[in-house]
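Following: one structure in structure tokens, then a few remarks.
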Amino acid sequence: MSTRPEIPVGVEIATAWAWRLLVIGAAGYGLYWLLSFFSEVSVPIAIALLGTA
């Protein structure tokens with residue numbers, strides 16, 4: 290027998306998605322910060338990449 294309380298499946302699914310969304314959001318914010326820090330270089334590179342595509 291387990292002494293661990295049962296957690297509803299919906300709550301387990303919600304927590305699984307929540308931490309994934311937090312990680313994705315933190316990575317997105319980090320990328321945004323990094324690109325804004327190097328904006329003088331990243332904007333022309335982005336334009337060049339869009340132009341070659």
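In the working numbering, each residue carries its 1-based index in the sequence shown increased by 289.
Even glycine gets a Cβ: it sits at the ideal position worked out from N, Cα and C.
Exercise for review: Consult DSSP for residue 294 and reduce its assignment to one of helix, strand or coil.
Suggested key: Numbered from 1 along the sequence shown, position 5 holds the residue referred to as residue 294. Residue 294: coil per DSSP, three-state reduction.
**Study point:** Cβ pair residue 331, residue 320 closer than 8 angstroms
**Key:** For the purposes of this step, residue 331 is taken as residue 42 along the sequence shown, with counting starting at 1. For the purposes of this step, residue 320 is taken as residue 31 along the sequence shown, with counting starting at 1. Cβ distance not < 8 angstroms, so residue 331 and residue 320 don't count as in contact.
Check your understanding: Which class does residue 327 belong to by DSSP, given the choice of helix, strand or coil?
Key -> Sequence index remark: in the sequence shown, residue 327 carries index 38 (1-based). It is coil, neither helix nor strand.
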